[in-house]
Structures are given as structure tokens and as C-alpha cells.
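Protein chains: 2
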Amino acid sequence: MGVAMAGRLDARLADIPATCKSCQALHGGLCGALKASQLKKLANASTKCEVTPGAELPDGETYSNILSGVVKLTRDLSDGRQQIVGFHFAPDFLATPFATRWPIRATALTRVALCSFPKALVERMMDDTPGLRREVLKRVLKELDEARNWMAALGRKTAAEKTASFLLMVATNIDSDSHPADAVSFDLPLTRADIADFLGLTIETVSRELSRLRADGVIQIAKKRHVSLECVAKLEERCGD
Amino acid sequence: MGVAMAGRLDARLADIPATCKSCQALHGGLCGALKASQLKKLANASTKCEVTPGAELPDGETYSNILSGVVKLTRDLSDGRQQIVGFHFAPDFLATPFATRWPIRATALTRVALCSFPKALVERMMDDTPGLRREVLKRVLKELDEARNWMAALGRKTAAEKTASFLLMVATNIDSDSHPADAVSFDLPLTRADIADFLGLTIETVSRELSRLRADGVIQIAKKRHVSLECVAKLEERCGD
DNA sequence: CGACCACTTGAACTATCTCAAGGACCGTGG
DNA sequence: CCACGGTCCTTGAGATAGTTCAAGTGGTCG
Numbered sequence: 001m002g003v004a005m006a007g008r009l010d011a012r013l014a015d016i017p018a019t020c021k022s023c024q025a026l027h028g029g030l031c032g033a034l035k036a037s038q039l040k041k042l043a044n045a046s047t048k049c050e051v052t053p054g055a056e057l058p059d060g061e062t063y064s065n066i067l068s069g070v071v072k073l074t075r076d077l078s079d080g081r082q083q084i085v086g087f088h089f090a091p092d093f094l095a096t097p098f099a100t101r102w103p104i105r106a107t108a109l110t111r112v113a114l115c116s117f118p119k120a121l122v123e124r125m126m127d128d129t130p131g132l133r134r135e136v137l138k139r140v141l142k143e144l145d146e147a148r149n150w151m152a153a154l155g156r157k158t159a160a161e162k163t164a165s166f167l168l169m170v171a172t173n174i175d176s177d178s179h180p181a182d183a184v185s186f187d188l189p190l191t192r193a194d195i196a197d198f199l200g201l202t203i204e205t206v207s208r209e210l211s212r213l214r215a216d217g218v219i220q221i222a223k224k225r226h227v228s229l230e231c232v233a234k235l236e237e238r239c240g241d
Numbered sequence: 242m243g244v245a246m247a248g249r250l251d252a253r254l255a256d257i258p259a260t261c262k263s264c265q266a267l268h269g270g271l272c273g274a275l276k277a278s279q280l281k282k283l284a285n286a287s288t289k290c291e292v293t294p295g296a297e298l299p300d301g302e303t304y305s306n307i308l309s310g311v312v313k314l315t316r317d318l319s320d321g322r323q324q325i326v327g328f329h330f331a332p333d334f335l336a337t338p339f340a341t342r343w344p345i346r347a348t349a350l351t352r353v354a355l356c357s358f359p360k361a362l363v364e365r366m367m368d369d370t371p372g373l374r375r376e377v378l379k380r381v382l383k384e385l386d387e388a389r390n391w392m393a394a395l396g397r398k399t400a401a402e403k404t405a406s407f408l409l410m411v412a413t414n415i416d417s418d419s420h421p422a423d424a425v426s427f428d429l430p431l432t433r434a435d436i437a438d439f440l441g442l443t444i445e446t447v448s449r450e451l452s453r454l455r456a457d458g459v460i461q462i463a464k465k466r467h468v469s470l471e472c473v474a475k476l477e478e479r480c481g482d
């Protein structure tokens, strides 16, 4: 640490493409694992785009960093039933075209800003950049861990527990206006229908459970979507795990 | 293909450690991505062990190939509710100590034979063996895909659909005595309680659904555990996806 | 202002659970 | 060989969490 390290970082910073300097992905995202020369190559091949809420993400042969916004991943049954199988929040990366046996669609919940790279280019970089490879693996493992955690919720938790767990999950992932550690507040990026599709419930049940949490003084709800956690500890108690 | 390829394979085969030659993992498993020299190194550092049904797998700092048997992965809630979040069948590899936020335990369902390697050694090999890296990533992605598929089942399918999907899943993963493509039969490696913990149901509901499938002529059940699929197509119809 | 959309709330309904009893298989010890 | 107890599984009947159907509220936007 100290002088030497700071020196290296400064040198790297000087070489970094202009577009990347202010980018979240450089810190929390994948790009942090890359050298300046690689960043340049990637930046040249990158395309930025915005997706409007409700629109499906282009799932061509690209890896994308999410610069801002929230994305849902859904798996649909043939008769229209839908299950949300995951979310992606701001500094995540998204690699939809990972071959899947069952089709999974990615849809923007909010306005989403993407920075996309050709799949082949990223995979070549992975081969000669152990740091990048490890980062990708680490993130996929985190997704797997989260998926399994929600399996437990879907299979074994009550509606009340599911709802509490969900609020806590969103609170920890969204960049909220939380300054006092115990009074987090944020705008839900989902409709009640989306929440229901995530928790394996109906929108009516979700609504009832949210109302109950409010009645019990655990949360406050303003304008339907703005949630304030009055007391994180009380919410945690209700998660059932 | 042809002569050149066959020649290379033969050469490799000659150098392969004796223990590995008859090993399933060489074909369907991870080891297939390794050179003979790497296999030797790995074989020297490997330890084989057997785990009795019901015993928890050692989850130290190792990667393990499953040589035979079936393993369940479970996540427990504090009050004893349990959810099975995945299975591992014979040529899979197992890397429990992937850092997880919520504790996941691996338990043998049948007698299980393992071939384990030090985690650090495998990870070093991954750095200079792109083929191995890709294989690991591919498998983790497959697990993620399966986890998400089951999320949809847990959240949105009926008990009948869950049961049908489960039977189909086991049938395609277990090496069954299937010769005619349409009359698969196998021994369930799980108790009704395990099935219930996987499907997010009670054992009574599982039992009822299995009875109904039998009554409807979709399956036969002998000695509680031995299942014959009379007609795979009929089962698929009942999966709901 | 009126229509629409997302949400809430109530009341009846149902899939699944809970509780309870009984049956099949298995190893053990007589 | 049978009786015994234990474990796993099945089946029934009643209870319930969550769904379905239906009506109503409140905010937003033309």
C-alpha cells in the first residue's frame, strides 16, 4: 500500500479512456480487473445504449455492463405464468447469451444504461487475464448463490417471510438515500405484479403483506412505490432465516 | 478427425495415470480438459474417499469429482425447514467451498465415491489451462441455469407439475436401465421427504401426486422407490412448461 | 373532468397442509 | 419360521394460507 500503490493507480488512471473514467463499472464492475491497454481496446469496441422501462434487452452476442438501472430476468411457462429468476442492479454485468436450456429473457424495469462489448472479445481477454476470469467466475457464483437462496424462499417461506426478504434484498442492492444505517428508503423499481412474479405469489397477496408490514410499523409506503424501512432489524426478524 | 486425432488420443492415453484410465470423470467430467502431464500432477495430489448415505460431505478446501452416487445440496432455515437447492449426479464435480453468503450443505443420498484435489492446485491449473477454465465456467453456468429453472417450478408450478418435472429430471440425470427410449426405469435415490424438500411440498402431497401418476398410467412404482416411466411424452405434458 | 392504470381490500373458494390412522417392508431377536 | 419394532410410505378428513373474483380507491394524464 501507500506510495507505490498510489503511484501505480495514478499511472493507470492517466492512460484510461475518457469514457471509462467516470464509469461505475471501473470500480464495482468488471472493468476494474483490466489493464489500461485492455480498457482502451474494449472501449473502442464498446457501444452504449439506453433501454426504456418495459423493453426487452438486446441479447445478441454481447457482454454488457449495467451503468444504471435495474433489469429483471424471467422464465416463462407456456401458459403465461411467469417467474422472475433474478435481478441485475447497477454495476453488474449481464451476459444473457450464456447457453441456457430454458429460455430466459432480460427486461428493463427502469430506464437502463448499458455499455456492451462483443462476446468474443471479452472471452479472448479472459483467456490471458486471470483477474478477469476470476472476476467473471466470482460473479456467476454469486448469482448461483442468490438463485439458491431464493429457491429456499420460494419453496419454504410464507408469504410474509417472502415479502420481508424481498424488501431487504432490494434495500441492500439499490443505491438508496440511506444515511442513518437504520432508516433506509428507496423507490421500488417494480410493480406489484413484478414482485408477485418474483415471490411466487399473486399481486393481491403481495399488497396485503405490504399493508400488514405498514400496519405493524415496520415500513412506511408513500406514493405506492416509495418504501422506508423504519427498522431493519424488525424486518430481518420477519425473514424466517 | 480421423487418423491424426485418433493418434493424438492414443498418445495421451498412454501417458495417463492408471487410476484415471477407467474413470468416468475423464470423459464426462472435468479431467477431460487436462493434458496428461497435468493429470499426473493432479492424480498424485488426489485422495479418494467414499461417503455413506446420509453423511455430510467433507467440505474442506477441495474440488471433488463425483465418481458414483448422488449428492443433495440443501439450504436450511433456522427453524428446521429445509430446501434442497440442487443435486449432483455421477460425473459432476463439486466445489462446495465457493464462498456463499448463506450456508449450503452437501449430503450423500446414496453411497458416494469422491476423488478430491486441493483447491489451490486446481485453481492454479485453471490459470494456465483455458480449456479447464471454460469447462468450470460452463458447468457453473449450467448449475445456474438449472437453479433458475427450478425457481420457476417452485414459484409457479402446481404440485402435480412439480412432481412430473422432478421425475423427468431424475430420469435424464441418472444412468438408468433405459433401452427402449420410451420406457425408462430407475431407482429413486431420494426418500419422499427429500423429494418434498426439493419441490417445496409436504411428503403427503408428494405421495398423493405419485399415486395419481400411477393411477393415471403414466408411471409404475415398485418397492416404493423403483419408478418406471410408462410414457415419457405423457409425463412431459404434465410438466406445465 | 373523466378514463385509465396500479394498487388495495373484502369475501368466497381451493390447493395444499396438518393431523391422524393404517399398511408395507426390513432387520432383529426369539 | 414368526413376532416385534422401526422406518418409510399411503390414504383420509378437516384446517388454512394463499388464490380468485369482485368492488373500490387514488393517482396520473390526456
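Going line by line, the protein sequences match chains S and W.
For the first sequence, the numbering used here gives the first residue as 1, with consecutive numbering after it.
For the second sequence, the numbering used here gives the first residue as 242, with consecutive numbering after it.
Backbone N, C-alpha and C define an ideal beta-carbon position, used for all residues, glycine too.
Considering only beta carbons, the part of the stretch 425-440 of chain W lying closer than 9 Å to chain S consists of Asp438, Phe439, Leu440, in chain order. Against chain W, the beta carbon of Gly86 of chain S has neighbours under 8 Å at Arg389, listed in chain order. Using a CB distance below 9 Å, the part of the stretch 136-160 of chain S facing chain W consists of Val136, Leu137, Lys138, Val140, Leu141, Lys142, Glu143, Leu144, Asp145, Glu146, Ala147, Arg148, Asn149, Trp150, Met151, Ala152, Ala153, Leu154, Gly155, Arg156, Lys157, ordered along the chain. Taking the Cα positions, Thr341 of chain W is about 21 Å away from Arg375 of chain W.
Close partners of Ser78 of chain S in chain W (Cβ separation under 7 Å): Asp482.
Within 7 Å of the CB of Asp368 of chain W, the CB atoms of chain S belong to Pro130, in sequence order along the chain.
About 6 Å separates the CB atoms of Ala43 of chain S and Cys20 of chain S; that is less than 8 Å, so the two are in contact. At least one C-beta of chain W is nearer than 8 Å to the C-beta of Gln83 of chain S. Nearest neighbour of Arg111 of chain S by Cα position, chosen from S:Cys49, S:Gly200, S:Arg225, turns out to be S:Cys49. Using a CB distance cut-off of 8 Å, Thr202 of chain S does not count as an interface residue toward chain W. Per DSSP, the beta-bridge partners of Ser64 of chain S are S:Leu94, S:Ser116. Annotated three-state conformation of Val184 of chain S is coil, per DSSP.
One thing to note: Arg81 of chain S has its Cβ within 8 Å of the Cβ of Arg397 of chain W. In this chain, the beta strand (DSSP E) harbouring Lys313 of chain W covers 312-317. Shortest Cα-Cα distance from Ser116 of chain S to any of S:Ser185, S:Arg124, S:Ser64, S:Leu73 involves S:Ser64. Within the DSSP secondary-structure output, Phe328 of chain W pairs in a beta bridge with W:Lys313. At a cut-off of 8 Å between beta-carbon atoms, Thr100 of chain S makes contact with chain W. The Cβ of Ile345 of chain W sits closer than 8 Å to at least one Cβ of chain S. Looking at the DSSP output, His268 of chain W sits in no beta bridge, so it has no partner there. For Lys48 of chain S, the uninterrupted beta strand (DSSP E) segment begins and ends at 47-51.
About 4 Å separates the beta carbon of Glu450 of chain W from that of Thr404 of chain W, a gap short enough to meet the 8 Å contact definition. At a cut-off of 8 Å between beta-carbon atoms, Arg449 of chain W makes no contact with chain S.
With 16 or more neighbouring CB atoms inside 10 Å of its own CB, His88 of chain S falls in the buried class. Residue environment for Thr62 of chain S: buried (at least 16 other C-beta atoms within 10 angstroms of its C-beta). Between the alpha carbons of His268 of chain W and Met392 of chain W lies a distance of about 30 Å. The beta carbons of Ala147 of chain S and Gly86 of chain S sit about 6 Å from each other, so the pair counts as a contact at 8 Å. At least 8 Å separates the CB of Arg479 of chain W from every CB of chain S. Scanning chain S for C-beta atoms nearer than 7 Å to the C-beta of Arg352 of chain W yields nothing, as the closest lies near 25 Å away. Within its own chain, the residues whose Cβ lies closer than 6 Å to the Cβ of Leu213 of chain S, once the five positions on either side in sequence are excluded, are Ile219, listed in chain order.
Taking 8 Å as the upper bound for CB-CB distance, Leu395 of chain W and Leu154 of chain S are in contact here, some 4 Å apart. Only residues of its own chain outside the window of five on either side were considered, and among them none has a CB closer than 8 Å to the CB of Ala259 of chain W.
In the structure shown, Arg81 of chain S falls within a coil segment according to DSSP collapsed to helix, strand and coil. Not flagged as an interface residue toward chain S: Arg455 of chain W, since no C-beta distance is shorter than 8 Å. Pairing Asp197 of chain S with Ile84 of chain S gives a Cβ-Cβ distance under 8 Å.
With respect to the 8 Å criterion, Phe186 of chain S and Val206 of chain S are not classified as neighbours on the basis of their beta carbons. A contact between stretches requires three or more CB pairs, one per stretch, nearer than 8 Å, and the stretch 31-42 of chain S meets this requirement with the stretch 126-141 of chain S.
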